[in-house]
Amino acid sequence: MTGQGIGASVPRKEDDRYMRGRGQYVGDIRRPGMLEVAFVRSPLAHARLRAIHVPEALTGRVYTMDDLDGVNAIRATSTLPGYKPTDQWPLARGKVRQVGELVAMCVAPTRAEAEDVAAQIELDLEELPAVVDMLAARRSGAPLVHEAFGDNIYLVSSFDGDIESAAARADVKVTREIRTARQCMLPIEGRGVVAEWNARLDQLTVWSSAQMPHIVRTGLSEVLNLRQAQVRVIPPDVGGGFGYKGILLPEEVCLSWLAMRLGRPVRWLEDRREHLTANANCREHHYKITGYATRDGRLLAVEAEAHVDSGAYSSYPFSACLEAGQVTSILPGVYDFEAYRARAYAVATNKPPILPYRGVGRTGVCFAMELLIDALAREIGMEPHEFRRRNLVRPDQMPFENITKKYFDSGDYPEALRRAVEALDVDAWRRRQAQGESDGRRIGVGISMYCEQAAHGTSVYAAWGVPMIPGFEQAALRITPDGGLEIRVGTHSHGQSHETTFAQVAHEVLGIALEKIHLVHGDTALTPYSTGTWGSRAMVMAGGAIAAACTELVPRLLGIGAHLLQQSASAVRLDGDRVVGPEGSVSIADIARVWYLAPQDLPLDADAHGLEVTAGYKLERDTGTFSYAAHAVALAVDTDTGLVEILDYVIVEDGGTLVNPMVVDGQIYGGVAQGVGTALYEEMPFDSHGQPLASTLSDYMIPGPTEVPAVRILHMETPSPLSAFGIKGIGEGGAIAPPAAIANAINDALAPLGVEMTESPVSPHRIFNAIRAARDETAA
Amino acid sequence: MKPSSFDYAVPRTLDEAVALLNGDPAAKLIAGGQTLGPMLNLRLVQPTLLIDITRIPELTRIEETGDGIVFGACVTHAAFEDGRVPDPAGGALRRVARGIAYRAVRTRGTIGGSLAHADPAADWLSCLAALGAEVIAYDGHGRRTMPVATLMTGVFETAIREGEILEGVRVPRPSKQARFGYYKICRKTGEFAEAIGAVLFDPERGVHRAVAGATEAPPIVIEDAAAFLQEDGDLDAVKARLGEHGLTDPYSLQLHAVALQRAAMEAWL
Ligand SMILES: Cc1cc2nc3c(=O)[nH]c(=O)nc-3n(C[C@H](O)[C@H](O)[C@H](O)COP(=O)(O)OP(=O)(O)OC[C@H]3O[C@@H](n4cnc5c(N)ncnc54)[C@H](O)[C@@H]3O)c2cc1C
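Protein chains in written order, with numbering that gives the first Met the number 0: chain A, 0 to 779; chain B, 0 to 268.
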């Protein structure tokens with residue numbers, strides 16, 4: 000063990016260039032003769048597009064859907080019963096259905112000039128009434144986003160259980176209406192595309208800030224009617240993705256078409272206003288949820304009706320069902336209870352499509368369920384963590400199939416909770432709370448828990464029947480003549496440190512030093528097909544594939560090594576990066592040199608496959624690994640201003656075997672920052688006409704370094720029985736639990752005032768209104 | 000989001016700047032660019048000429064007199080924060096400067112730009128109104144002064160006339176016993192305030208001034224603050240007083256009352 004393999008917190012290989020400002024993003028790419036694009040976007044949320052007036056002088060610099068001959072609509076299909084797909088035309092055709100929808104594409108030598116062109120285009124729009132609220136969208140007589148639907152529903156999914164008998168035994172019943180705001184994802188780097196047609200290769204090259212490049216390639220070739228070999232997608236360094244960069248954007252289609260039409264490279268870089276108002280929306284959920292429990296703290300049944308505001312289009316490849324479609328199955332969370340019924344609606348509105356964002360569905364679900372748990376605990380007068388403890392899935396039940404048939408692979412949920420309660424020292428906070436603060440603020444303690452299904456595969460997604468179903472993940476390895484290792488995988492890093500962690504897995508098997516391991520990823524011309532980096536799957540799936548490929552190389556190395564040592568293959572073994580025999584050893588570098596450069600020294604029966612291999616990997620049971628965590632927070636609420644200060648934040652987390660604990664911590668910190676945003680700051684409001692009201696970062700508020708607490712992370716490591724090395728996916732969890740933990744703590748603080756917050760973000764204004772309403776109620 | 004095209008001039012004297020400003024009706028002055036930059040990018044303004052006034056020596060000068068200090072308009076927030084310029088109010092300016100935006104903004108943003116832009120939530124506007132400061136405007140022919148308290152005439156509107164440059168601001172020296180309190184309510188560090196309370200108690204000079212800022216209108220300046228602001232006083236009295244000045248929204252009223260009350264408590268400490 001050289002301290003570079005699985006479990007080592009080695010510094011990140013990629014940091015050398017990132018820390019020196021030498022990363023290379025789409026925005027850094029300059030191609031000779033490159034032109035820039037700016038889009039004319041719809042100023043209205045819902046309107047008939049009567050005409051687009053392009054001044055004569057601008058002919059050849061402006062393109063509309065009429066020009067994009069031979070281009071198909073983007074269409075995200077699904078085989079879920081009742082699902083209604085949409086035709087998302089790359090540029091609007093007939094109608095616009097959201098503010099910011101692309102209407103015309105303007106091209107010029109610089110972006111500023113392209114914006115000058117865009118400013119001269121006049122749109123003749125006939126405004127239609129807009130549906131802005133997801134609940135209103137379901138009422139009869141609501142305007143239709145897609146007339147062909149007959150209503151505004153993409154999908155209804157349900158879990159039908161009998162809750163009546165359990166409910167009848169309940170001592171208490173609590174019903175809440177819970178809402179999470181629409182948010183924007185805000186990776187530091189927005190989307191960006193450079194497209195160029197290469198006549199020699201008969202190939203379109205698309206540099207795109209993408210986390211699922213192979214899927215972009217498949218999608219582009221379908222929409223543009225190109226053979227897949229004619230499309231190469233290259234994601235350079237990607238500055239955060241969070242799900243947004245898994246989507247095939249109309250902008251990518253437009254730029255690709257334009258590059259072919261003009262025979263010149265073209266570029267579009269999303270600006271922050273486009274990002275906020277037109278594209279990267281996520282999260283908006285509404286729940287009506289009821290819990291039934293006994294006085295002694297037994298959760299008996301849960302019933303819920305959920306809505307997800309899925310926006311104007313069903314995006315490729317995940318479709319408009321991704322969030323609402325899994326709400327019913329994941330709502331029960333970490334709890335074991337006997338009866339459950341739920342229904343979820345994916346609703347069409349005249350707002351940007353809801354896209355998958357770190358935690359996909361789970362952040363809203365966790366918010367609803369964990370707030371309900373606290374409300375029940377308050378109702379029966381029990382400490383919320385004690386109520387949780389009595390209802391968690393127990394370790395002796397593992398592996399556990401829960402009420403919706405989710406297969407929890409391993410773990411000790413009560414222990415995570417116990418450690419979180421102890422580490423935060425809930426008792427000490429209770430004492431301080433009872434004493435009261437000298438500055439008049441109120442102390443609150445909150446907890447939330449979740450489990451995160453990760454790296455779930457074919458069996459899960461086949462049921463969805465979306466355009467992309469993950470299967471075997473593949474890795475292609477090549478030992479280089481100098482004894483280094485090249486790894487090629489089709490996943491791509493948008494900040495996950497794959498260059499380091501994937502190398503650690505290879506090092507674990509082959510002993511080659513990290514410095515000599517080189518990761519090639521993303522580029523569709525160089526890497527095996529992959530659905531990409533999403534669903535916290537890359538470490539488990541690509542990591543597993545890399546391990547499988549490394550393992551296949553071992554006998555080949557031993558074969559050549561044994562020959563060089565004049566031993567039989569059975570007499571040698573791999574130790575570190577050397578093949579060791581009874582006497583003497585040879586290095587992998589020696590073996591590689593012979594294979595490539597001195598083949599005369601090879602054994603006559605050498606394995607002709609040589610030192611390159613492509614291997615596939617799939618979990619035997621591909622229902623997913625389940626990492627989980629307990630988040631515990633203590634905070635103070637200033638009831639005069641509604642401002643909240645987080646005083647302590649503890650996470651006890653079980654991600655199975657940790658490949659690089661430092662990287663895992665980093666993933667959690669980043670997720671928590673986003674979770675704090677969901678809890679307290681982030682909100683994309685719309686007016687009644689569907690106009691987005693936060694078009695810059697002065698209106699859309701995100702936490703900064705001073706708002707993100709110094710989180711204390713405690714790890715538990717229960718290896719997954721399902722995956723190579725016992726690794727579990729952990730990429731999203733940090734963003735799932737904070738909104739519920741923080742809201743629960745605020746409610747704990749405000750309970751004596753009769754105040755309970757059920758809407759995120761829990762903004763000062765909302766807190767003020769709730770306190771006022773409670774006072775008025777008492778006064779009345 | 001790129002600006003429309005414009006010319007750029009860097010005058011070296013105040014008179015040169017005024018001449019350029021008067022020579023082109025669509026010209027705009029640029030100081031730190033911290034406000035104008037985003038407005039250009041969003042194309043909210045589309046000037047034909049930008050006149051960069053940051054290299055004009057008169058605009059970065061400091062002039063100390065017995066009863067006050069004149070700061071050139073282009074003195075940056077960071078210069079105050081770092082103590083690179085004197086502080087007539089015993090550290091008050093330094094403290095307020097430190098709370099403006101983020102360091103990167105403070106490095107370039109200027110006191111004159113902030114006052115001329117007249118964002119109701121700007122810190123200088125409330126702070127300097129409370130301190131009884133005056134601005135000096137120059138139009139190429141002569142100078143006139145006006146109190147900061149009445150500089151702002153509406154949201155993003157000031158009494159500075161077309162063709163005038165805000166040359167500097169004169170901050171009077173409070174007496175030794177004077178106490179200044181400043182409290183800003185904002186949702187996160189570096190964000191514009193949702194409410195500002197600024198209080199100057201200077202009994203020796205007969206000043207008991209309270210300023211409620213960030214009201215989406217010019218700051219509310221109240222000269223008999225002692226009458227309704229008391230240590231640990233009653234918020235309702237403060238609210239009633241602010242209500243007389245047109246604040247009606249309950250949340251806004253609450254925040255402004257709290258900010259003023261806390262500023263007052265600080266001044267008493
Ligand atoms: C992210 C961010 C956060 C911020 N937060 C705060 C905050 O918390 N509190 C706060 O007070 N401010 C805040 N600001 C504003 C900041 O203080 C600006 O620097 C200031 O408002 C403008 O100063 P400037 O020198 O950059 O002016 P510029 O942007 O250069 O100019 C602003 C306007 O004033 C005019 N102008 C400039 N100088 C003169 C002059 N001498 N005479 C006449 N007209 C002139 C310009 O023509 C322009 O119209 C923030 C800004 C940003 C970007």
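Virtual Cβ for every residue (Gly too), placed ideally from N, Cα, C.
Cβ-based neighbour list, residue i, same chain, cut-off 6 Å, excluding 5 preceding and 5 following
{"i": "B:Thr-144", "result": "Glu-133, Ile-135"}
{"i": "A:Thr-293", "result": "Asp-170"}
{"i": "A:Arg-555", "result": "Asp-606"}
{"i": "B:Leu-254", "result": "Ile-184, Glu-193, Ala-194"}
{"i": "A:Arg-774", "result": "none"}
{"i": "A:Gly-787", "result": "The structure shown has nothing for residue 787 of chain A, since chain A only spans 0 to 779."}
{"i": "A:Gly-363", "result": "Thr-179, His-284"}
{"i": "A:Gln-325", "result": "Gly-360"}
Residues near residue i by beta carbon distance below 7 Å, same chain, minus five either side
{"i": "A:Val-504", "result": "Ile-5, Gly-542, Ile-545, Ala-546, Val-658"}
{"i": "A:Ala-537", "result": "Thr-490, Gln-495, His-497"}
{"i": "B:Val-95", "result": "Asp-122, Cys-126, Tyr-181"}
{"i": "B:Val-84", "result": "Ile-61, Phe-70, Val-74, Ala-78"}
{"i": "A:Glu-400", "result": "Tyr-406"}
{"i": "B:Arg-261", "result": "Tyr-182, Gly-196"}
{"i": "B:Gln-45", "result": "Ser-3"}
{"i": "B:Arg-54", "result": "Val-9, Arg-11"}
{"i": "A:Gly-358", "result": "Glu-731, Ala-734, Ile-735"}
{"i": "A:Leu-642", "result": "Pro-763"}
{"i": "B:Ile-159", "result": "Ala-115, Ala-136, Leu-165"}
Beta-carbon proximity list for residue i, same chain, < 8 Å, skipping 5 on both sides
{"i": "A:Gln-227", "result": "Arg-216, Thr-217, Ser-220"}
{"i": "A:Arg-49", "result": "Asp-123, Leu-124, Glu-125"}
{"i": "A:Met-0", "result": "Confidence at A:Met-0 is low in this model, with a pLDDT of 44, below 50, so the placement of that residue is unreliable and no value is reported for it."}
{"i": "A:Thr-777", "result": "Gly-753"}
Assumed close pair residue i, residue j - CB separation to whole angstroms, cut-off 8 Å
{"i": "A:Val-98", "j": "A:Pro-42", "result": "7 Å"}
{"i": "A:Glu-322", "j": "A:Val-307", "result": "5 Å"}
{"i": "A:Ala-166", "j": "A:Ala-376", "result": "Not confirmed; about 18 Å, so no contact."}
{"i": "A:Pro-351", "j": "A:Phe-317", "result": "Not really, about 15 Å apart at Cβ, beyond 8 Å."}
{"i": "A:Ser-409", "j": "A:Ser-722", "result": "Going by Cβ atoms, the distance from A:Ser-409 to A:Ser-722 rounds to 10 Å, so no, they are not a contact pair."}
{"i": "A:Val-784", "j": "A:Gly-560", "result": "Outside the displayed range of chain A (0 to 779) lies residue 784 of chain A, so it cannot be described from this structure."}
{"i": "B:Tyr-7", "j": "B:Asp-51", "result": "7 Å"}
{"i": "A:Phe-38", "j": "A:Met-104", "result": "6 Å"}
{"i": "A:Val-237", "j": "A:His-493", "result": "4 Å"}
CB contact check: residue i to chain E, cutoff 8 Å
{"i": "A:Thr-640", "result": "Included in the structure are the protein chains A and B, with no chain E among them."}
Closer than 7 Å: residue i CB and nearest ligand 2 heavy atom
{"i": "A:Glu-421", "result": "Looking for ligand 2 in the displayed structure turns up nothing; the ligands present are ligand 1."}
Pocket of ligand 1 defined by Cβ to heavy atom distance under 5 Å
B:Lys-27, B:Leu-28, B:Ile-29, B:Ala-30, B:Gly-31, B:Gly-32, B:Gln-33, B:Thr-34, B:Leu-35, B:Ala-72, B:Ile-99, B:Ala-100, B:Val-104, B:Gly-108, B:Thr-109, B:Gly-111, B:Gly-112, B:Ser-113, B:Ala-115, B:His-116, B:Ala-121, B:Asp-122, B:Ile-164, B:Leu-165, B:Phe-191
Does the stretch 2-20 of chain B come close enough to the stretch 720-731 of chain A to have 3 or more Cβ pairs within less than 8 Å?
no
Any chance the stretch 194-204 of chain A sits against the stretch 174-185 of chain A, with 3 or more Cβ pairs inside 8 Å?
no
Should the stretch 502-522 of chain A be regarded as contacting the stretch 226-246 of chain A, the criterion being three or more beta carbon pairs within less than 8 Å?
yes
Stretch-stretch touch, CB-based, cutoff 8 Å, three pairs: the stretch 572-591 of chain A with the stretch 504-517 of chain A:
yes
Counting Cβ pairs closer than 8 Å, one from the stretch 326-340 of chain A and one from the stretch 385-403 of chain A, do we hit at least three?
yes
At a cut of 8 Å, does the stretch 625-638 of chain A reach the stretch 748-757 of chain A through at least three beta carbon pairs?
yes
Does the stretch 707-716 of chain A come within contact of the stretch 661-669 of chain A, defined as at least 3 CB pairs closer than 8 Å?
yes
Would you call the stretch 247-254 of chain A in contact with the stretch 66-78 of chain A, where contact means no fewer than 3 C-beta pairs closer than 8 Å?
yes
Between the stretch 268-276 of chain A and the stretch 184-191 of chain A, can you find at least three pairs of beta-carbon atoms closer than 8 Å?
yes
Please confirm if the stretch 611-619 of chain A is in contact with the stretch 475-487 of chain A, defined as three or more CB-CB distances below 8 Å between the two stretches.
yes
Are the stretch 649-657 of chain A and the stretch 418-436 of chain A touching by the rule of at least three beta carbon pairs closer than 8 Å?
yes
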